[in-house]
Each structure stands twice: as C-alpha cells, then as structure tokens.
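Here is the structure we will look at.
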Amino acid sequence: MRKALALLGIAASLVVYIAAFSVNAPIEVCISQPIIPPSMLAGGDPVVASPANFQKAWVVIVASRCELTFPATGTHASTLVIEWGPSALAIAGLIGAASSLWIWFKCRSRED
C-alpha cells in the first residue's frame with residue numbers, strides 16, 4: 025500500500041512541477057520589468073525598439089527571458105526574470121517527488 029501511495033505521490037508531484045512552468049505568462053512579466061538600458065535613456069533621443077521577444081526560460085525554477093533589440097544603435101538588451109510564485113510551486117513539486125521517492129525506496133528495502 026505504501027509503495028502504491030509513494031508512486032502516486034511521485035506522479036502527482038511531477039505534475040505539479042510541470043504545471044508550475046505552464047502557469048507563467050512571460051509577456052506579462054516582461055512588460056512589468058523595464059529592460060531598456062539606462063544609457064539609452066540618458067541621450068534624450070526617442071528610443072525605438074523592434075518588437076520584443078518574450079519566452080519561458082527552462083531552468084530549475086520558473087523564469088522568463090525578456091529581450092529587446094534597438095535597431096538604431098544595434099543594442100541588444102536581455103534579462104532573465106525569476107517568477108517566485110510559480111517557482112515556489114515548482115520547488116514544492118520537487119520536494120514532494122523527492123519525499124515520495126525516498127518513501128518508495130524505503131518500502132523496497134524492507135521487502136528485501
């Protein structure tokens with residue numbers, strides 16, 4: 025019984041971990057984070073950028089990569105923004121999976 029519950033815990037925790045990456049919306053995160061370099065704003069000239077590129081960054085925790093290119097100057101700005109809400113969910117999923125895996129191995133060692 026414990027072995028079945030441990031396997032179910034592993035599966036559920038991995039689903040939570042993967043779901044944490046799907047709940048983030050990189051466009052919303054990137055719009056709220058200014059990534060224009062201060063040197064661009066200091067000149068006083070109007071700043072024109074190409075359309076921004078927003079994408080999810082697949083690291084252990086949930087993050088978004090925000091990129092802008094300024095064709096007039098050839099400047100490329102890029103930043104990695106960590107999203108702590110979904111990251112906490114991802115970390116909880118990893119902890120749950122590790123705990124369930126430990127219980128599963130403990131049950132297997134008792135059977136031997």
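The sequence shown stops at residue 136 when you use the numbering used here, and every number in between is there. Every residue, glycine too, gets a C-beta built ideally from N, C-alpha and C. Here the structure is a predicted model, which is why all the values come from computation and not from measurement.
Distance between beta carbons of residue j and residue i, contact taken as under 8 Å
i: residue 54; j: residue 88; result: 6 Å
i: residue 37; j: residue 124; result: 6 Å
i: residue 128; j: residue 30; result: 4 Å
Range covered by the alpha helix (DSSP H) that runs through residue i
i: residue 39; result: 26-46
Any non-hydrogen atom of the ligand NAD closer than 7 Å to residue i Cβ
i: residue 41; result: No copy of the ligand NAD appears in this structure; indeed no ligand is present at all.
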